[in-house]
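Take a look at the structure below.
Chains as they are written, first to last, in the numbering used here: chain A, 2 to 99; chain B, 115 to 141.
If you want it as structure tokens, here you go:
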């Protein structure tokens, strides 16, 4: 996944069972964003791998004032890349459980 | 504590905490 300047990581161990999982997002390189992020804290949130889309969360982050609306795509892509990796890993490690 | 919590109208909670210095790229 290309480096968007926004990092998204698991905020808990993933055992492949739960559909909702804790993620942590922070801006690693503010220069890559169009708008100025509100602060450079790490934002932790829960994401439902089955019911929600990265765009939902990105829009909520913008509504909550964390990011400028012009950065919706970058934030959504950063979350999407991490979610894809989590699902890919689950498929490989716990194929029968998926 | 240095944690702040923001709850979005759709109900999702965002918990903001400082990023460890080691995880921030050189500015």
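Quick reminder that beta carbons are idealized off the backbone N, C-alpha and C, glycines included.
Among the options, which residue has its Cα nearest to the Cα of residue i?
i, options, result
"residue 117 of chain B", "A/58, A/43, A/19, A/56", "A/43"
"residue 94 of chain A", "A/4, A/17, A/9, A/5", "A/17"
"residue 58 of chain A", "A/5, A/84, A/88", "A/84"
"residue 11 of chain A", "A/26, A/20, A/73, A/65", "A/26"
Report the rounded CA-to-CA distance for residue i versus residue j, giving the unit in angstroms.
i, j, result
"residue 13 of chain A", "residue 47 of chain A", "10 Å"
"residue 54 of chain A", "residue 32 of chain A", "26 Å"
Pull up the DSSP beta-bridge partners for residue i, would you.
i, result
"residue 8 of chain A", "A/27"
"residue 49 of chain A", "A/21"
"residue 127 of chain B", "B/121"
"residue 132 of chain B", "A/42"
Residues in the same chain with beta-carbon distance under 7 Å from residue i, minus the five sequence neighbours each way, listed in chain order, please.
i, result
"residue 89 of chain A", "none"
"residue 97 of chain A", "none"
Tell me which same chain residues have a C-beta within less than 6 Å of the C-beta of residue i, skipping the five on either side of it?
i, result
"residue 8 of chain A", "27, 29"
**Request:** Could you list the residues in the region 37-54 of chain A with a C-beta less than 8 Å from some C-beta on chain C, going in chain order?
**Result:** No chain C is present in this structure, whose protein chains are A and B.
**Asked** Whole alpha helix (DSSP H) runs in the region 30-89 of chain A with 4 or more residues, listed along the chain?
**Response** 55-64
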